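Asker:
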Amino acid sequence: MKRLAPYLLILPGGLWLLIFLVVPMVFMASVSTQEGDIINGFVQTFDFSVYGDALTRYQTQFLRSVGYGLVGTVVSIAMAYPVAYWIAFRGGSRKSTYLLLVLLPFFVSFVLRTVSWKFLLADDGLLLSPLKSMGLVAQDFHVLQTTVAVIGGLVYNYLPFMILPIYVALERIDPRVVEAAQDLYAARSQAFTKVVLPLSLPGVFAGVLMTFVPMTADYVNAGILGGPSNTMIGNIIQTEYLVNTDYPTAAALSFTLMAVMLVGIFAYARALGTENVLEAAAR
Amino acid sequence: MDPRSNPALLRGMTHSRSVTRRDALRLAGLSAAGLALAGCGIQGKKPAATPKKDAVTDFWTGKQRNGTLRFANWPLYIDKDGKKYPSLEMFTADTGIKVSYQEVIQEIPSFFGKIQPLLAAGNDIGHDLMVLTNGIHLGRAIQLDYLAPLDHSKLPNFAANAAQKVKNPPWDPGNAHTIPWTVGLTGIAYNPKYVDEVKSVEDLWNPKYKGKVGMMSDSEEIANFGLFALGVDPDTSTEADWRRAAERLQAQRDTGLVRKYYENDYVDALARGDVWITMAWSGDIFQQVAEGKDLKFVVPQEGGTIWTDNMCIPRTAQNPVDALTYMDYVYQPKIATILVEAINYITPVPATKDLVLADAAKQSGEDRTALEQLANSPMIYPSEADMARLRSYVTLDGAKEKAFESIFQPITQG
């Protein structure tokens, strides 16, 4: 019984993943190499040319999505780090209150939050209308349906996923380590770059995982805040699947996206030093 | 392992089931070897070469009225009084059939995406009656034989009261599977504060309105406007016409004229001032105007699109007889009048116009003006001249559809 215990513990989660992740993935992999249409049915052909075709047709949207994901992630780090730092070291007894505030937006539906941006940023809306009447921006200036709006929406929606892991990493740093650095005549900035920053990197890594991947695959922000030149690969996959019912193309695009993400993330982990980072992030 | 030869497997993949030990073993085997699934396909269904003559009798034999109807419709698409639906209550009082009314359709592709696997597996979708717009997806539903063939001997009100124009549409000859719920127009709406009088589709290409032009994201909608701009009738358009139309639309996009390719949300964008001139649906603009917004709607001189939202019964409906009873019920002029006064789209029952005016005469003040506006609005009762300029979407079958989408989709999906 004792020997079985670990397996029994992993059974519910393992079965869940097996049935709802592995089986559909295998099924979708099979779909991606089928040919046909919804009227005549799809037949397995093991023809991989659909991958090449899909990529050639949608390379712009593909690169754009990865680009948006990268920029969004970098902006998130820049905004999240100071917040996490402040909560971890200056939060005092109110830490949990501040963390709750960070999470508060999650109590409102994702779509609703994004839609509310449309009202805020409308051409004659709350923000732009006064600026226009003061003559600070041109009459035809607009934020909605621009790259800025889409990346802004992405950052807004995923920021907490960056703040929380960085906070956890910073919070775990023993303050005495920093004191020791200062005792050894490190300037405040040196203590930060040589001690605090390296110790917080696993948190940054976890944050990147949790923001870059969903940002790149996101389609809600581009759909609601974007214009004709902001379509992301998530929107394409959705259209191919639901509107065109071209299941092979949708499946092939999904798999390519997954492959690109995995390769990117592993390259990034390796650059930071795989063992340390993956282990520390998991800790 | 081919689902086409093993319907049980296909069903297992598409809906829940109780798992026996043998099933569990089978499932384990299935997931263990990825190869097990290789060689699978997804079942399709070619239409029978000639529809069977007795399809109607086959379907309806042995079916009875059950006293319940589950009706799936779009939001804001029926009369409502607080939380009650007066016309549905009248239906229940007259027939004894209780209606569960569900506002679950927001957009055809995603709704079709949800019900398609269930219909393919021959399962109940939870609705006995649904309202689908004519177009690619309704065409598919008919081709795949997902819809019950209508028994027109049970639709006397439809035969007597429906407008000639809505009978026997090209996408469903002889109304074999569908009859209209409402009819709408796609034209141009604009804000007269920023835009001079609009007569032509060319105004959507006017550089004065750069970045303030709204177009629709639906391929069938923009294709028609591209074709109107070329002076081509969508009914007789060829693939070469489509390419030329796509070029014009691409140019409109590339020069930065188009703010966005919108779904339903173009109304908000127009109301908020994000766009000044946009492709629009008649009923939406009528409602905005009725609420006091200063907006105009025109059917361009080159042409506008007429589309129909159709009532149809999924083949797997639990209460098809009740659904058919309701379909005929709403074709009584007095019921159709209640509906048009609430919905503000074009009714398939022309006799309602006089009834709306009669209702108006009974009212006074604002209510009276509103009803008179409705009866006299070209958006609800289009003039002969407007009607003559209206065209349907391009009729597409399987192979053409793929070409069509590959030409027009890249424009909206840049």
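As they're listed, the protein sequences go chains A and B.
Under the working numbering, the first residue of the first sequence carries the number 5, and numbering increases by one thereafter.
Under the working numbering, the first residue of the second sequence carries the number 3, and numbering increases by one thereafter.
Beta carbons: idealized from backbone N, C-alpha and C, even for Gly.
A quick note: this is a predicted structure, and the numbers were derived from the prediction, not measured.
Determine the extent of the beta strand (DSSP E) in which B:N216 is found, giving its start and end residues.
Answerer: One point to set straight first is that residue 216 of chain B is Gly, not Asn, in the sequence displayed. V215 to M218 is the span of the beta strand (DSSP E), which, as asked, contains B:G216.
Asker: I need the straight-line Cα distance from A:L148 to A:A126, nearest angstrom please.
Answerer: Cα to Cα, A:L148 sits roughly 7 Å from A:A126.
Asker: Grab me the residues of B:G416's own chain with a C-beta within less than 8 Å of its C-beta, minus the 5 sequence neighbours each way, in chain order.
Answerer: Hits under 8 Å: R255.
Asker: Quick check: what's the CA-CA separation for B:L140 versus A:L15?
Answerer: Going from the Cα of B:L140 to the Cα of A:L15 covers about 44 Å.
Asker: Below 7 Å between beta carbons: does that hold for A:L107 and A:P164?
Answerer: Yes; because the gap between Cβ atoms is below 7 Å, this pair is in contact.
Asker: For the region 65 to 81 of chain B and the region 123 to 132 of chain B, state whether three or more C-beta atom pairs, one from each stretch, are separated by less than 8 Å.
Answerer: The answer is yes - the region 123 to 132 of chain B touches the region 65 to 81 of chain B, with three or more Cβ pairs under 8 Å.
Asker: Please classify B:V102: does DSSP put it in a helix, a strand, or coil?
Answerer: Inspection of the sequence shows that residue 102 of chain B is occupied by Ser rather than by Val. In this structure, B:S102 counts as strand in the three-state DSSP scheme.
Asker: CA-CA distance, B:I409 and A:Y62?
Answerer: Rounded to the nearest angstrom, the two C-alpha atoms are 14 Å apart.
Asker: With H, G and I counted as helix, E and B as strand and the rest as coil, what does DSSP make of A:V35?
Answerer: Helix at A:V35.
Asker: Could you tell me which chain A residues have their CB closer than 8 Å to the CB of B:Y263, listed as they occur along the chain?
Answerer: Correct list: P232.
Asker: Alpha carbon to alpha carbon, how far is B:K404 from B:Q411?
Answerer: When rounded, the distance between both Cα atoms is 10 Å.
Asker: Using a Cβ-Cβ cut-off of 6 Å (strictly less than) and excluding sequence neighbours within five positions of B:A282, which residues of its own chain qualify?
Answerer: Excluding residues within five positions, the ones whose Cβ falls inside 6 Å are A191.
Asker: Count the other CB atoms within 10 Å of the CB of B:Y196; is the residue buried (16 or more) or exposed (fewer)?
Answerer: Counting Cβ neighbours within 10 Å, B:Y196 comes out exposed, since fewer than 16 surround it.
Asker: Quick check on A:M219: does DSSP put it in helix, strand or coil?
Answerer: In this structure, A:M219 counts as helix in the three-state DSSP scheme.
Asker: Pick helix, strand or coil for B:P380, following the three-state DSSP scheme.
Answerer: Here B:P380 sits in coil by DSSP.
Asker: Closer than 8 Å, Cβ to any Cβ of chain A: which residues of the region 231 to 263 of chain B, in chain order?
Answerer: Correct list: R255, V260, R261, K262 and Y263.
Asker: So, is the C-beta of A:D222 closer than 7 Å to a C-beta in chain B?
Answerer: Answer no: the Cβ-Cβ gap between A:D222 and chain B never drops below 7 Å.
Asker: Count Cβ pairs between the region 301 to 312 of chain B and the region 256 to 273 of chain B that sit closer than 8 Å; are there 3 or more?
Answerer: These segments do not touch.
Asker: Below 7 Å between beta carbons: does that hold for A:G95 and A:Y102?
Answerer: Yes. Within cutoff.
Asker: So, is B:V396 buried or exposed, given that buried needs 16 or more other C-beta atoms within 10 angstroms?
Answerer: Classification of B:V396: buried, given that the 10 Å Cβ count is 16 or more.
Asker: Would A:G73 be called buried (16 or more neighbouring beta carbons within 10 Å of its own) or exposed?
Answerer: When all chains shown are included, A:G73 counts as buried.
Asker: Name the chain A residues that come within less than 7 Å of B:E407, Cβ to Cβ?
Answerer: By Cβ distance, chain A contributes N248.
Asker: For a contact defined as C-beta to C-beta under 8 Å, what are the partners of B:P209 on chain A?
Answerer: Correct list: empty, because the minimum Cβ distance to chain A is about 12 Å.
Asker: Please tell me whether A:I269 has its Cβ less than 7 Å away from any Cβ of chain B.
Answerer: Not an interface residue.
Asker: In this structure, how does DSSP classify A:T151 when only helix, strand and coil are distinguished?
Answerer: In this structure, A:T151 counts as helix in the three-state DSSP scheme.
Asker: Between which two residues does the beta strand (DSSP E) carrying B:P182 extend?
Answerer: Per DSSP, B:P182 belongs to the beta strand (DSSP E) from T180 to Y192.
Asker: Within the same chain, show all residues whose beta-carbon is closer than 8 Å to that of A:I23, passing over the 5 residues directly before and after it, in chain order.
Answerer: Answer for A:I23: no residue qualifies.
Asker: Considering just the uninterrupted stretch of the beta strand (DSSP E) at A:R98, what are its terminal residues?
Answerer: No beta strand (DSSP E) holds A:R98; DSSP gives it neither H nor E.
Asker: Can you list the residues of chain A that B:G115 reaches, using a CB-CB cut of under 9 Å?
Answerer: Going along chain A in sequence order, the residues near B:G115 (Cβ under 9 Å) are Y245, L246, V247 and T249.
Asker: Quick check: what's the CA-CA separation for B:V351 versus B:A164?
Answerer: So the alpha carbons of these two residues sit roughly 5 Å apart.
Asker: What is the rounded straight-line gap between the Cα of B:A248 and the Cα of B:I308?
Answerer: Spanning the two alpha carbons is a distance of roughly 21 Å.
Asker: Skipping 5 residues on each side, what residues in its chain have a beta carbon closer than 8 Å to that of A:Q38?
Answerer: Only F46, V47, Q48, T49, Y251 and P252 meet the Cβ criterion.
Asker: Going by DSSP, what residues sit across from B:T280 in a beta bridge?
Answerer: For B:T280, which the question treats as bridged, DSSP gives the partners B:A191 and B:G216.
Asker: Within 7 Å of any Cβ in chain A, is that where the Cβ of B:S33 sits?
Answerer: A caution first: B:S33 carries a pLDDT of 41, below 50, which makes its placement in the model unreliable, though a value can still be read off. Chain A contact via Cβ: present.
Asker: When DSSP labels each residue in this structure, what does B:D399 get in the three-state scheme?
Answerer: It is coil, neither helix nor strand.
Asker: Would you say B:P111 faces chain C, with C-beta separation under 7 Å as the test?
Answerer: As a matter of chain content, chain C is missing from the structure shown, whose protein chains are A and B.
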